[in-house]
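Since the structure comes first, as structure tokens, the remarks are kept for the end.
Protein chains in written order, with the numbering used here: chain A, 9 to 304; chain B, 9 to 304; chain C, 9 to 304; chain D, 9 to 304; chain E, 9 to 304; chain F, 9 to 304.
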């Protein structure tokens, strides 16, 4: 039994180690972009849900933002529609938009909500249409990338205005808001929004303490793909330089841009972390060194 | 000009006529089952949205509950799945359930939310999964009707518990909740719920002042289809008798049963009205005689 | 029956027409100067009371201010006292002041309070003495007009300070305040106050959305008495010019001056409307064109 | 100087003597019927106003109720109307009622309000019409006394219902309510109410700690007019016996009846005290022995 | 690095294991009797303080109660006074009482307060005299035990009344109350109170979720001193039987009696645990098996 | 009896005289340094406690700060330790500090708390350690006075930071905070603080209306010891001049410096008054002339 007790004491000490972080973050808001493998593996899904519920119970306000490109493509396939991308953005005709909205709001969002509730939280799903949460306008063809000069992306939008009152109402009453990255135009049309950008815009509107992007890489590396070159901390200027010289490229660009945009509107810290790791959020939040790359 | 003024005065007097009803219903909760033609015709959709926003602004708390069978069947068709019904209930395998949830939560709900927002309200969509709003259990095959003795209906459920706290939170903060009739089992599975029953259960949980079911008929008629036999007011016992002797049949049964169940749990008045009429809700609420059939 | 329903729908549409105005004015404060024929005719009294109660129920805070010169003169006559006016102002000795206060506070105010209560509101009467609502100082003889250089007007005052806390307390608790235009000097003497000025001062102190003066004319006309020259909208500078060149004269001057003074202290819009019209307030508030003359 | 300090210390000790009473009565409601000589003499008026303001500042909620028979008679005289009494009650035709209301609400009430405000309080006047504070019904001729069998008293009423919400609203916000003993019938007619009864009914509706009636006698005496027979304390049964055997008579009967009625509805203590004494209220409240007669 | 991450993940999983307990106890009150070796060893003091601060931050309200017999005896020794005990109770003359109060309130309490504050909490010390928190009466000589029939224990008391309002005020505002086991008689004298009893009385007054007594033994053992006979869970009846037959004896009796008394007044669970173990409170609270003996 | 009543009326008039002061000071905070003879004589202790409770009941927030040098020296004597002073400051080794803390917090504070509670208040004791109320740092040897250049004063401190939140929490809930002049260093050590300075720092942190220092002299005299030269009112500049030229000396210097420091941080008025006089606080507060010396 002695042994058992010693192991228990070791566990208790780990709780105690968390105390300074709990004190620091009590009452703060964290916006978490949920995506990638962490949204697919059953174990990781459970790990993410546990982390979110734990954050809520120790006094932090987690806000979840999600996309779901793969699921959209799957339903399109079933319906015999071919997905087409230009400059990383989905060309979204009216029918595609309807599919995207059904999949994100009616399937992915509900799975996340349900997952959190099964782990003891009380989640409530929102789309950008609910109480006009994410007002957006259609991207103009000209701005959608170098090679897409002539392509109309259709119902793809940029966020113009966030109306976060409903988020605050829900947080104050103990709920965890889960937001689908669907925007609404001033004319009432649904628009496809990049989920990283949506997370950044929500974090900015709430002046969140942290914006955490769960990705499928370890973080930003100075030599892409080489984990030994992982950059722990990066400032906004350096990040722009790395984009400029191509060291940051492809899908990482919108993530870094979400971070720098959020920072410029009052978010304290932003993190790009590896969602493939169990409890990666807790590792980031409850250790001094953190994990992944912090953009400040 | 004189003429113009007289017509304006006549209009003002109509506002004044509404005053006693405004006084009576200020601060009360109305649960409205939205369905049928009122959900399809552009004019009627606009009329319903206007009515809801007006109710909200004059101090009534409208709560919307909706289904959407036709839209579900449409998507099933597109995906090459055949809809199958037993005793009026959709046989719902796992794939059908997923389709139903996507259509109701990701399409129909968002259209209603958007519609209300376009008319100046602030609607927020909810499904029964959000904060475990509608906890249900699977229907047992035995109870699903006379001719279906051997059929497992699959993911079709009966509501066991309503957790309405999130509705109250939203109403108090000025939002109009719009609820999809999707339930969640204690194991976390989505379940297809009859929307009339969902509306009745929500009304009961909120001790609503009124439950209003928008239908595609004028109300309950003693001789079905003969409008001249429309029954203005009906008590619970008489309603059960009419079901017993077959005067009330088919799709009207769940509507009447929702009413009687809601009444037995503290709802003050329930109404089955004709959603095909412009502003039918206002006609019911703001006239002495009302329209349709009141079950008390 | 069909016909009946159509007429009902037409009525419902009129309610719906009011919706944008209800939305715009929800939670706003309207100060209404009640006087003239609208205070004498039984039909108009009822119409005004209905309008006030309707405003209150749809979320607007109406504040009523009234005078009552004719009733004062009547009681003076009965008591054998001759009313005397200089420059439109009543010469008010101590006995006249006592009569004025009894008539305004004990008779006219109570009739208005009672009228509103009979129509379903909850009105509470106030005089300028209650919680020092209207602190005033005696007019100096010199300022009372061109031809009155030698006349002491007695207990006639100008408002120096409005203490509106009691109004806010009553509004927040659901009451309609009805204010007699009696002021109180710093020494505690009652003073006769022009009711138009009192309404303007109260509107200014409350930063009211609207100041509405019910009068016995259609509004301001560029050619006095000729309705076809009615001016719908007038800015402050133009109003002063019209006073300067005599186009606005006599009893209209204090009305216009109340409006311009209120505007200069933060009231959004002021209206001079025809109280002889049924529901004239509603016509002003719930139509785009409005009625009477708006001074902005 | 020594002497001066000693005298100051003696004064401080008097404040300290008041402490147990301040502790006992903090937050309690006292209803005070103000009338008689205390309402006429300038010194006594000032003394009463000071007492009321002191009570308010040390945390007690004083509510003032007043009549004003003499002032009504004076104005009737001036208007050439003869006051007529049957069984101690004023025969009140419509014109008399109008006079009574003007005098009580427009003159006496405002004088009291003003008096309290001049001494540093914030008083707000109310009549029974304001927010339907005192709902009454006409006395039937049969109940108005032995010798008046055939006389219709006119607009004289008995209180049927008190709606004290406006009183609580005002008290909570720091105001001293001053109430004229005017009732309102369900049809909206003003009715003359005995002020002692009005005070008792208000005290009962508020479950007041104390009802204090300021009178022009030392209290109840077993031998009328002989101060040496003053009764300090009297229970309800004994009071009824003394009325029965005529030891309590005339104007003292409604006072005693107000007390016994208030006691039966939850008022803790009622007092009939001598308003002709300076600071008689303070003497009653802040001494162990009290003054006058306590009915318990 | 891989290794480091795995160890971090193992730590995160320990946080997640705590989640169900955090959910269960959020918002609950725990009364903790602090004493014995846990109050002497620097390491244990630090461990207890960390545990208390952690509890506070995860939403539990910890209330600390302490005695301090050894420190009292030390100061008595220095002052040349000999401590004398009868039936386990200190004979407490006036001088001893003064010493006890100085030591407990001025030394031991302040050390605990300071310890908690050094670990990031905000503790506030209280004695039973503060706002009359612990009202007690002197023990009568007759009740003080078998062999003390003739001995007056002096200023030793039993708690008669707990006034816990100040505790609630402090908890609600984020403070950790630390209470010295000093009572006050109705005459204002300080009285020495057994700290186990004080903790039980405070837990009862607050209807605490848990009463935890930190002791210097592993818990209750059926064979005293033989750890292998440790009883995990015990009901009140069994506890009384064990006291009756001598299996529970000496200093353990007041501990068990505090538990049974607290249970009978609404405390949910009581625990006698080994304060000599690091983080023993966390082990009790955050493991299914718990440690020590639970009396239920 | 007549005579008795007249004397009662005279007493009531004294209450009324206090009214303007009650009005002026309602809701204000007074910090009172309690010390000297007023803390020793039974009569004066009772007088001070009564004054404090009276202030609390009439709506003022009294905060008490105390030292207790004599009691510390007494316990040191009993323990065979010799008190040593340098430049008026006690040389405080670790053992002396422990004695000081026990005496102030465990004895003097509890006597004052108890005294106030016996007179009907609800006092709660605090030391500078409670919720880090008085954060201080050790005095450097160099600053401790002309002749002490080489002496380390030990655990004697100057206040660096006041955290008054706990005081406000207690005041708002109806308690009277009583504060021992013990500070705590950032390292957690107890430090001896001059009680006059502690009172001044607390008054400054609370932006108190008044700081009142109870002393054993009549006030500041231009010729020390000659009461006929008592200075009623003194400004900060003049006070500094008098210190400079030695007219203010010895123990009066820290008192005057507390006043001037408090004034410079927003305290409205500071008073040095004679605590040997019964009810000296009331005399200061409730008379126009006040007593003692006011520093402004």
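Ideal Cβ positions, reconstructed from N, Cα and C, are used throughout, including at glycine.
Anticipated Cβ contact below 8 Å, residue i with residue j, distance rounded
i: residue 53/A; j: residue 134/A; result: Not confirmed; about 20 Å, so no contact.
i: residue 8/C; j: residue 41/C; result: As shown, chain C starts at 9 and ends at 304. That puts residue 8/C outside it, with no answer to give.
i: residue 146/F; j: residue 193/F; result: 7 Å
i: residue 45/D; j: residue 283/D; result: 6 Å
i: residue 239/A; j: residue 292/A; result: Between residue 292/A and residue 239/A the Cβ distance is about 15 Å, and since that is not below 8 Å, they are no contact.
i: residue 285/A; j: residue 17/E; result: 7 Å
i: residue 132/D; j: residue 65/D; result: With a Cβ gap of about 17 Å, residue 132/D and residue 65/D do not count as contacting.
i: residue 175/D; j: residue 190/D; result: With a Cβ gap of about 15 Å, residue 175/D and residue 190/D do not count as contacting.
Limits of the unbroken beta strand (DSSP E) element including residue i
i: residue 146/B; result: 142 to 146
i: residue 281/A; result: 277 to 282
i: residue 218/D; result: 218 to 223
i: residue 294/A; result: Not the beta strand (DSSP E): residue 294/A falls in the alpha helix (DSSP H), residues 288 to 294.
i: residue 188/B; result: 184 to 188
i: residue 167/B; result: 165 to 170
Where the alpha helix (DSSP H) through residue i begins and ends
i: residue 208/F; result: 203 to 213
i: residue 251/C; result: 244 to 252
i: residue 262/C; result: 260 to 272
i: residue 174/C; result: 173 to 180
i: residue 39/B; result: Per DSSP, residue 39/B belongs to no alpha helix (DSSP H); it is in the beta strand (DSSP E), 37 to 42.
Subject >> Continuous alpha helix (DSSP H) assignments of at least 4 residues falling wholly in the segment 74 to 131 of chain C >> reply: 77 to 86, 102 to 111 and 117 to 126
Subject >> Selection of the segment 93 to 111 of chain D by Cβ proximity to chain C, strictly under 7 Å >> reply: 106, 109, 110 and 111
Original post:
Would the segment 209 to 222 of chain B and the segment 66 to 76 of chain B be scored as touching if the rule is three or more Cβ pairs under 8 Å?
Top reply: yes
Original post:
Can at least three beta-carbon pairs, one atom from the segment 135 to 149 of chain F and one from the segment 166 to 173 of chain F, be found at a separation below 8 Å?
Top reply: yes
Original post:
Counting Cβ pairs, one atom from each stretch, are 3 or more of them under 8 Å apart for the segment 105 to 115 of chain D and the segment 70 to 86 of chain D?
Top reply: yes
Original post:
Between the segment 266 to 294 of chain F and chain D, which residues of the former have a C-beta closer than 8 Å to a C-beta of the latter?
Top reply: 285, 286, 287, 290, 291 and 294
**OP:** Using a Cβ-Cβ cut-off of less than 8 Å, list which residues of the segment 25 to 39 of chain B approach chain A; keep chain order.
**Re:** none
Subject >> Residues of the segment 61 to 92 of chain D whose Cβ lies closer than 9 Å to any Cβ of chain F, in chain order >> reply: 61, 62, 65, 66 and 67
**OP:** Could you tell me whether the segment 265 to 283 of chain E touches the segment 195 to 209 of chain E, using the rule of 3 or more Cβ pairs below 8 Å?
**Re:** yes
Subject >> the segment 132 to 147 of chain D: positions lying closer than 8 Å to chain C by Cβ >> reply: 132, 133, 134, 135, 137, 138, 139 and 140
**OP:** Using a Cβ-Cβ cut-off of less than 9 Å, list which residues of the segment 40 to 51 of chain E approach chain A; keep chain order.
**Re:** none
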